[in-house]
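Those protein sequences? They're chains A and B, same order as listed. First residue of the first sequence: 4, per our numbering; consecutive thereafter. First residue of the second sequence: 28, per our numbering; consecutive thereafter. Glycine included, every Cβ here is placed at the ideal spot set by N, Cα and C. Keep in mind the model is a prediction, meaning the values are calculated, not measured. Worksheet: the structure to be examined is printed underneath.
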Amino acid sequence: MARKSSTVTSTKDAVQGRESTETPAAFQAAEAAYNQAEASGELFQILAPDGTVVRPDLLPPAETRLHLYRQMRRARQFDERGWVLYRQGRLGVFPPFGGMEASQCGTAAALTKNDWLFPTYRDTGAALTLGLPIARTLAYWRTSPHGWAMPADLKVLPFYIPIATQYPQAVGAALAEKRQGTQNVAMAFIGDGGSSEGDFHEALNFAGALNAPCIFILQNNGWAISVPTTTQTKATNLSKRADGYGIPGVRVDGNDVLATWHVTDQAVKRARNNEGPTLIETVTYRVKAHTVADDPSRYRTEDEAKKWLEKDPVTRLEQHLLKEGILTEESHAALLKEVAEEFEAALTEADAYPDPTPAEILDHVFAEPTPQLLKQRAELLEEQA
Amino acid sequence: MKTMTMVAAINNALDLALERDPDVCIFGEDVGVMGGVFRATDGLQQKHGVERVFDTPLAEAAIVGMGIGMGLAGLKPVAEIQFAGFLYPALDQILSHLGRYRHRTRSRYHLPMVVRAPYGGGVHTPEQHADSPEAILAHTPGVKVVIPSTPGDAKGLLLAAIADPDPVFFFESIKLYRSTKEEVPEDYYTLPIGKARVVTQGDDVTVICYGGMVEVAQKAAEAARNAGIGVEIIDLRTLVPLDLDTVLASVEKTGRAVIVTEAPRTAGFHSEIAANIAEEAIDFLQAPIVRVTGFDAPYPPFTAIEDVYRPNPLRVAKAIKKVMSH
Numbered sequence: 004m005a006r007k008s009s010t011v012t013s014t015k016d017a018v019q020g021r022e023s024t025e026t027p028a029a030f031q032a033a034e035a036a037y038n039q040a041e042a043s044g045e046l047f048q049i050l051a052p053d054g055t056v057v058r059p060d061l062l063p064p065a066e067t068r069l070h071l072y073r074q075m076r077r078a079r080q081f082d083e084r085g086w087v088l089y090r091q092g093r094l095g096v097f098p099p100f101g102g103m104e105a106s107q108c109g110t111a112a113a114l115t116k117n118d119w120l121f122p123t124y125r126d127t128g129a130a131l132t133l134g135l136p137i138a139r140t141l142a143y144w145r146t147s148p149h150g151w152a153m154p155a156d157l158k159v160l161p162f163y164i165p166i167a168t169q170y171p172q173a174v175g176a177a178l179a180e181k182r183q184g185t186q187n188v189a190m191a192f193i194g195d196g197g198s199s200e201g202d203f204h205e206a207l208n209f210a211g212a213l214n215a216p217c218i219f220i221l222q223n224n225g226w227a228i229s230v231p232t233t234t235q236t237k238a239t240n241l242s243k244r245a246d247g248y249g250i251p252g253v254r255v256d257g258n259d260v261l262a263t264w265h266v267t268d269q270a271v272k273r274a275r276n277n278e279g280p281t282l283i284e285t286v287t288y289r290v291k292a293h294t295v296a297d298d299p300s301r302y303r304t305e306d307e308a309k310k311w312l313e314k315d316p317v318t319r320l321e322q323h324l325l326k327e328g329i330l331t332e333e334s335h336a337a338l339l340k341e342v343a344e345e346f347e348a349a350l351t352e353a354d355a356y357p358d359p360t361p362a363e364i365l366d367h368v369f370a371e372p373t374p375q376l377l378k379q380r381a382e383l384l385e386e387q388a
Numbered sequence: 028m029k030t031m032t033m034v035a036a037i038n039n040a041l042d043l044a045l046e047r048d049p050d051v052c053i054f055g056e057d058v059g060v061m062g063g064v065f066r067a068t069d070g071l072q073q074k075h076g077v078e079r080v081f082d083t084p085l086a087e088a089a090i091v092g093m094g095i096g097m098g099l100a101g102l103k104p105v106a107e108i109q110f111a112g113f114l115y116p117a118l119d120q121i122l123s124h125l126g127r128y129r130h131r132t133r134s135r136y137h138l139p140m141v142v143r144a145p146y147g148g149g150v151h152t153p154e155q156h157a158d159s160p161e162a163i164l165a166h167t168p169g170v171k172v173v174i175p176s177t178p179g180d181a182k183g184l185l186l187a188a189i190a191d192p193d194p195v196f197f198f199e200s201i202k203l204y205r206s207t208k209e210e211v212p213e214d215y216y217t218l219p220i221g222k223a224r225v226v227t228q229g230d231d232v233t234v235i236c237y238g239g240m241v242e243v244a245q246k247a248a249e250a251a252r253n254a255g256i257g258v259e260i261i262d263l264r265t266l267v268p269l270d271l272d273t274v275l276a277s278v279e280k281t282g283r284a285v286i287v288t289e290a291p292r293t294a295g296f297h298s299e300i301a302a303n304i305a306e307e308a309i310d311f312l313q314a315p316i317v318r319v320t321g322f323d324a325p326y327p328p329f330t331a332i333e334d335v336y337r338p339n340p341l342r343v344a345k346a347i348k349k350v351m352s353h
C-alpha cells in the first residue's frame with residue numbers, strides 16, 4: 004500500500020528557525036491569562052497598542068518576534084502594493100486585508116508546511132506566511148490559472164470565495180491526517196459574517212464529535228461588506244459559540260501578533276496531542292474596503308477606521324522591537340528594503356506568466372475528459388481557428 | 028456466483044472496496060452500528076472497524092464537506108446521504124467545491140469521492156424520500172453521475188466509482204434494492220463508467236432509460252412485443268459521462284425514441300437526451316421524440332396515486348404506440 008510519509012512534527016519546528024521554550028507551566032499560565040482576560044471583559048494581549056509588554060511572562064523569544072514582524076511586513080507590502088497595482092490596472096478585484104496582519108500572520112505562523120491551510124479570499128497574509136509564493140498569489144488575484152496551480156510542497160488551498168464552506172473541509176483534512184497516523188493539523192479561516200453560515204456550526208459540531216485536530220480562526224473584523232457584527236448577530240463574544248459544541252473557544256486581541264501567535268501555538272499543540280479542535284476569535288478590524296470595488300463611506304464613518312489605525316498591529320510590534328533593541332534603525336531599514344525587493348522580484352516573475360489559451364477552459368475537469376468535453380474542445384478550437 | 032439483490036450487491040462491493048484499499052472509508056448517518064437504513068452497509072463496521080466505517084452527526088453539508096477534506100488529504104471517502112431528497116443542504120459543497128477542485132487547483136488536488144444516495148419512488152415512502160435529483164448533479168461540471176439498474180451493474184459500477192479519481196454520485200433506486208435478484212460474481216470486478224447497456228434489441232423503437240425506469244420499460248416492451256413491435260431498450264447506466272454513441276446508433280437504426288425517467292419534466296435529463304438526438308440524428312427520425320416523466324410538481328407520497336406520478340408500464344406502452352403511429 005502506498006502510504007504518505009507520516010511526518011511527525013516537533014514543536015521545535017512550529018515556527019521556522021525558532022527554538023521552543025514552551026513549558027507546561029507556561030501553558031497553564033496562558034490558560035489562566037485568557038481566563039483572567041475573559042473574566043474582566045478584556046481581550047487577551049501580550050503587547051499593548053503602544054508596544055509596551057503587558058504579559059512579560061508570555062513573551063516569545065526574540066527570534067520568534069522578529070519572524071512574526073517580517074511576516075507582517077511581507078503581508079503589508081502585498082496589501083499596499085496590491086491596491087496600487089489594481090489602480091494601475093495590473094491586478095483584478097482584490098480584497099485588502101491591511102490592519103489584519105496580526106490576525107492572519109500570527110495564526111498561520113503556528114503551522115508548519117506539513118499542515119493544512121484553508122484561507123478565505125481575505126487571507127492573503129496567512130497564505131504568504133505559510134509559504135505561498137508571492138508570484139502565485141499575485142497571479143491568483145490577476146485571475147490567471149497560474150494562481151490556481153498550488154505548489155506541490157504546500158498544503159494551502161486556493162482562496163475560498165463562498166463563505167464558510169472551507170470549515171467542514173478542514174475537519175475532513177484534519178481527520179484524514181489523524182487516520183494516516185500523522186500529527187499534522189488543519190487550520191481554516193472565516194470572518195464574523197461567516198460564523199452565521201450553517202457550515203460554520205456544522206463543522207464545529209463535527210470537529211468536536213469526531214475529535215478532529217483542527218484550528219478554526221474566526222476573524223471578527225467588524226464588517227461583512229456593509230453589515231456590522233451587531234446586525235450579524237446578537238452575540239457579543241463569538242468565541243463562546245464553541246461552548247455549544249463542547250470545544251474550547253478563545254478570544255484574543257487580533258491586532259496583537261504575539262497574542263494571536265501564542266494562542267494559536269497552544270491550540271496547534273493541543274491538536275497535535277490529539278486533544279481536539281479549538282475556535283480562536285481574533286478581534287480585529289477591516290481598515291480598508293471590502294474589495295477594491297467597494298465604497299465603505301456608504302456604511303461607516305472614517306473616524307471608526309482611524310480609531311483602529313491607532314491599534315495597528317505592524318507598528319505595535321515595530322515599536323516594541325525597536326525599544327527592545329531587537330531591531331535597530333539600520334536593521335529595520337534593511338528589513339523593509341529586503342521585503343520590498345522580494346515583492347518586486349515576485350511581480351516580475353508574475354508578469355512573465357503567459358496568458359492561458361482558450362482551450363484551457365476545458366482542462367482539468369476530470370482526469371480523463373468525457374466524450375462531451377472532447378467534442379466541445381473540438382468545437383472551440385474550430386471556432387478559434 | 029451468488030444470487031444477490033441490488034442492496035446485497037452494493038454491500039458486497041463496499042466490503043470488497045474496504046478490503047482492497049485501506050484508504051477507503053465509509054461514513055454518513057446510521058451507516059455504522061445500524062448498517063444503514065436500507066442495510067447497504069450492514070456488518071461493515073463490525074468487520075472493518077469504527078475508524079473506517081463510522082456514523083457522523085446529522086448534517087448533509089458537513090458530511091460532503093468533510094469528505095472533500097478527507098479526499099484532499101489522500102483518503103477515498105464514500106459518503107452516504109440517507110435519501111437523495113436530503114441531498115439539498117449539501118449542494119453548496121457539491122456545486123461550489125466538489126465538482127471544481129481539480130479545475131480550481133489545475134489538478135494539484137483531485138477528489139476521489141463517492142456519494143451514494145437512494146433515490147426515486149415506487150415503495151410508498153413518506154414525503155421527500157422519493158426525489159430524483161440526478162439532473163441537478165448532471166448539470167454540475169466536474170462530477171460524474173451513475174445510476175445502475177441491476178445487482179451486477181450496481182456492484183461493478185460502484186467499485187469503478189470508488190476506483191475513479193474524480194467525484195462520482197451513485198444513485199440507487201429504492202424500488203430496485205430488493206425487487207431484483209440475479210447471479211453476481213463474488214470477486215472484485217468493475218464496469219466502465221460511461222458505457223450504456225443494450226437491455227433488449229429491437230428494430231422499431233428505442234426506449235432510453237436508467238435506474239428504476241429500466242424495469243418499467245421492460246414491462247412495456249414485453250407488451251409491445253406481443254403487439255408485434257420490436258423495442259430496443261438502452262439503459263444509460265451513467266449520465267455523466269454520457270454514452271451518446273450507443274443511443275445514437277440505436278435511434279439511427281429504429282428511427283424512433285422514447286425517453287423515460289421518473290424525475291420532473293422540465294429541464295430533466297430526458298430533455299438532454301432528446302436535444303442530443305435532435306442535434307445528431309434528426310434525419311433518421313420517423314416520429315417526434317416522446318418523453319415519459321414525472322410531473323413538474325413535488326413527488327406525491329400518496330399511496331393511492333403514487334403510480335400516476337411515477338411512470339408505469341402502461342404510460343410507456345402508450346408512448347411507444349404514439350411514436351409508432353406517427
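How about A/W144: is its C-beta nearer than 8 angstroms to some C-beta of chain B?
Chain B contact via Cβ: absent.
In or out: B/Y326 buried (at least 16 other Cβ within 10 Å) or exposed?
The residue is buried, with at least 16 neighbouring Cβ atoms inside 10 Å.
Of all the alpha helix (DSSP H) runs that stay within the bounds of the stretch 133-210 of chain B, which reach a length of 4 or more residues?
DSSP runs (the alpha helix (DSSP H)) wholly in the stretch 133-210 of chain B: 161-165, 178-190, 203-206.
A/A353 to A/F81, Cα distance in whole Å?
Distance between the alpha carbons of A/A353 and A/F81 is about 13 angstroms.
Can you list, in chain order, the residues of its chain with a C-beta nearer than 6 angstroms to that of A/A262? Leave out the 5 residues immediately preceding and following it.
Taken in chain order, the residues that qualify are F47, Q48, I49, V255, D256.
What residues from the stretch 185-202 of chain A come within 8 angstroms of chain B, judged by C-beta to C-beta, listed N to C?
Hits within the stretch, in order: A189, G201, D202.
How many Å lie between A/P59 and A/G328 at the Cα?
Spanning the two alpha carbons is a distance of roughly 16 angstroms.
Based on the DSSP secondary-structure assignment, which residues constitute the bridge partners of B/T233?
According to DSSP, which records beta bridges pairwise, B/T233 is partnered with B/E259, B/A284.
Buried or exposed: B/R131, going by 16 or more other Cβ atoms within 10 Å of its Cβ?
Buried.
Along chain B, which residues have their Cβ under 8 angstroms away from the Cβ of A/W174?
The question names Trp, but residue 174 of chain A in the sequence shown is Val. By Cβ distance, chain B contributes A89, G92, M93, G96.
Within 10 angstroms of its Cβ, does B/S352 collect 16 or more other Cβ (buried), or is it exposed?
Classification for B/S352: exposed.
Give me the Cβ distance between B/T152 and B/P328, rounded to the nearest whole Å; I'm assuming they're in contact under 8 angstroms.
B/T152 to B/P328, Cβ: 7 angstroms. Contact.
Pull up the CB-CB distance for B/E209 and B/P175, whole angstroms please, since I reckon it's below 8 angstroms.
No, B/E209 and B/P175 are not in contact; Cβ-Cβ is about 12 angstroms, not under 8 angstroms.
So, do the stretch 119-136 of chain B and the stretch 165-182 of chain A have three or more beta carbon pairs nearer to each other than 8 angstroms?
Yes, since at least three Cβ pairs between the stretch 119-136 of chain B and the stretch 165-182 of chain A fall closer than 8 angstroms, the two stretches touch.
Using Cβ-Cβ distances below 9 angstroms, what residues of the stretch 147-160 of chain A are close to chain B?
Result list: P148, H149, W151, A152, M153, P154, A155, K158, L160.
Is the Cβ of A/V96 closer than 8 angstroms to any Cβ of chain B?
No - not a single Cβ of chain B is within 8 angstroms of the one on A/V96.
Which residues in chain A sit within 7 angstroms of B/L298, going by Cβ to Cβ distance?
Looking at the sequence shown, residue 298 of chain B is not Leu but Ser. Near B/S298 there are no residues of chain A at all, since even the closest Cβ is about 15 angstroms away, more than 7 angstroms.
Check the DSSP bridge columns for B/R7 and list the partner residues they point to.
It is not possible to answer for residue 7 of chain B, since the shown part of chain B is limited to 28 through 353.
On a Cα-Cα basis, can you pick out the residue from B/R264, B/D193, B/R143, B/R252 that is closest to B/L218?
That would be B/R264, whose Cα lies nearest to the Cα of B/L218.
Quick check on the burial criterion: 16 or more other C-beta atoms within 10 angstroms. Buried or exposed for B/G229?
Buried.
Kindly say whether A/E25, judged by its beta-carbon, lies nearer than 8 angstroms to any beta-carbon of chain B.
Unreliable positioning characterises A/E25 in this predicted model, as indicated by a pLDDT of 45, which lies under 50. A coordinate reading is not provided.
Helix, strand or coil for A/E284 per DSSP?
Reduced to three states, the DSSP call for A/E284 is strand.
Let me confirm a value: A/N277 is counted as buried when at least 16 other C-beta atoms fall within 10 Å, else exposed. Which label applies?
Answer is exposed; the Cβ neighbour count stays below 16.
In the structure shown, what three-state DSSP assignment does A/G252 receive?
Strand, per DSSP.
Under DSSP, the beta strand (DSSP E) around A/F219 begins and ends at which residues?
Start and end: 217-223.
Here's a check: name, in chain order, each residue in its chain whose Cβ is nearer than 7 angstroms to the Cβ of B/K349, leaving out the five neighbours to either side.
Closer than 7 angstroms at the Cβ level, and outside the excluded window around B/K349, lie V317.
Contact defined as beta carbons within less than 8 angstroms: I believe A/G54 pairs with A/H335. What is the distance between those atoms, to the nearest angstrom?
Going by Cβ atoms, the distance from A/G54 to A/H335 rounds to 14 angstroms, so no, they are not a contact pair.
Taking DSSP as the reference, what is the three-state secondary structure of B/G55?
Here B/G55 sits in strand by DSSP.
Run through the stretch 269-327 of chain A for me and flag every whole beta strand (DSSP E) of 3 or more residues, listed as ranges in chain order.
Taking only runs of at least 3 residues, the beta strand (DSSP E) segments lying wholly in the stretch 269-327 of chain A are 281-286.
Determine which residues share a DSSP beta bridge with A/T232 and list them.
Per DSSP, none; premise fails for A/T232.
B/E24 touches chain A at which residues, Cβ-Cβ below 8 angstroms?
The requested residue 24 of chain B does not occur in the structure, where chain B is confined to residues 28 to 353.
For B/A165, collect the residues of the same chain with a Cβ closer than 6 angstroms to its Cβ; drop the 5 residues on either side in sequence, then sort them by chain order.
Only V172, L266, V267, F296 meet the Cβ criterion.
Closer than 6 angstroms by C-beta to B/Q72: which residues in its own chain qualify, once you throw out the five before and the five after it? Chain order, please.
Cβ within range, chain order: G59, V80.
Between the Cα of B/L102 and the Cα atoms of B/L186, B/D50, B/E213, B/A188, which residue gives the shortest distance?
Of the listed residues, the one whose Cα sits closest to B/L102 is B/D50.
Can you say whether A/Q269 is buried or exposed, counting buried as having 16 or more other CB atoms within 10 angstroms of its CB?
Label assigned to A/Q269: buried.
Say whether chain B places a C-beta atom closer than 8 angstroms to the C-beta of A/F81.
No, A/F81 does not count as interfacial toward chain B.
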